[in-house]
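Undergrad: So for the sequence shown, the numbering used here puts the first residue at 310; every next one is plus one. Cβ coordinates follow ideal geometry from the N, Cα and C atoms, glycine included. Once you've had a glance at the structure underneath, I'll fire off some questions.
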Amino acid sequence: HYALWNKGAEHGDISVWNLMWDPRNNCGVLNDWDLAFVRGGIIVDGVKQEGHGAERTGTEPFMARALLDDPYHREQERIYRYEL
């Protein structure tokens with residue numbers, strides 16, 4: 310997760326329901342990336358796509374207080390600790 314965050318991928322909805330266990334590799338897996346936001350956009354078929362994903366994502370009991378205070382998360386920059 311930290312490596313992906315450093316590359317610009319923000320999951321935005323980390324909760325116990327989005328964590329799985331892979332018994333073959335004996336490690337955890339973070340799933341449900343469909344609403345993730347990519348800072349700076351991504352390249353698809355040679356065309357830059359701006360960051361996508363809903364601005365208001367997350368499971369409220371697991372969201373940072375600063376994000377909950379801004380109902381649409383437009384003014385509050387997300388920082389790594391908000392994902393944990």
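1. CB-CB under 8 Å to R390, same chain, minus the five flanking residues each way: which ones, in chain order?
2. Quick one: Cα of G362 to Cα of W330, how far?
3. Comparing alpha-carbon positions, which option in N327, G349 and P332 lies nearest D343?
4. Where does the unbroken alpha helix (DSSP H) through L376 begin, and where does it stop?
5. Please tell me whether A345 and E369 are closer than 8 Å, where the distance is taken between their beta carbons.
6. Would you mind working out which of D378, L376 and V347 sits nearest K316, comparing C-alpha positions?
7. Flag this pair as yes or no: are the beta carbons of I323 and E386 separated by less than 8 Å?
TA: Short version:
1. Position 81 of the sequence shown, counting from 1, holds the residue named residue 390. A373.
2. Numbered from 1 along the sequence shown, position 53 holds the residue referred to as residue 362. Numbered from 1 along the sequence shown, position 21 holds the residue referred to as residue 330. With a pLDDT of 49 at G362, under the threshold of 50, the modelled position of this residue cannot be trusted; read the value that follows with caution. One Cα belongs to G362, the other to W330, and the distance between them is close to 25 Å.
3. The residue labelled residue 343 in the question sits at position 34 within the sequence shown. D343 has its Cα closest to that of N327, out of N327, G349 and P332.
4. In the sequence shown, the residue the question calls residue 376 occupies position 67. First-last of the alpha helix (DSSP H) with L376: R374 to D378.
5. Residue numbering aside, residue 345 sits at position 36 when the sequence shown is read from its first letter. Residue numbering aside, residue 369 sits at position 60 when the sequence shown is read from its first letter. Against a cut-off of 8 Å, the Cβ pair of E369 and A345 comes out as no contact.
6. Position 7 of the sequence shown holds residue 316. The residue among D378, L376 and V347 with its C-alpha nearest the C-alpha of K316 is V347.
7. For the purposes of this step, residue 323 is taken as residue 14 along the sequence shown, with counting starting at 1. For the purposes of this step, residue 386 is taken as residue 77 along the sequence shown, with counting starting at 1. No, the pair does not count as a contact, with Cβ atoms beyond the cut-off.
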